[in-house]
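For the sequence shown, our numbering assigns the number 13 to the initial residue and increments by one for each residue that follows. Even for Gly, the Cβ is constructed at its ideal location relative to N, Cα and C.
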Amino acid sequence: MWRKLTDAELVLYRRVDEVLYYVWDPIGVAHSPAARDEYQAYLLKVFAMLQEGADAPSVAAYLDAVATDRMGLHEKGEHSTRVAELLLDWKTEIYRSR
């Protein structure tokens, strides 16, 4: 059964969505409004990982696995690490201000 997200969780969920689309963007579609939902399939997993306390290397590994295994792209470890760290920074900031 699903529960309603708290205000902080809702803000984090939105930030994860934005970071995946505008920053991670492994296939380079952030410039196209028509592709705004391109990374929605990965949003819930990344959000859940953050909620469960995953660290940056774990989140980065998941993002790399998606890019390489599902999208057939080359691994971009440094970029994935920066994205994971940004997501964790957002989480910290959101929960600190609540």
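query                                                                                                                                                                    : result
Drop a sphere of 10 angstroms on the beta-carbon of P38, count the other beta-carbons inside from all chains shown, and report buried for 16 or more, exposed for fewer. : buried
What's the call for V95, buried or exposed, on a 16-neighbour Cβ count within 10 Å?                                                                                      : buried
Whose C-beta lies closer than 8 Å to the C-beta of D76 among residues of the same chain, with five residues either side of it excluded?                                  : E87, K88, G89, S92
What is the rounded straight-line gap between the Cα of W14 and the Cα of V28?                                                                                           : 19 Å
Among A79, Y74, A68, L22, which residue has its Cα nearest to the Cα of E50?                                                                                             : A79
If we require 4 or more residues per run, which alpha helix (DSSP H) segments fall completely within the region 32-56?                                                   : none
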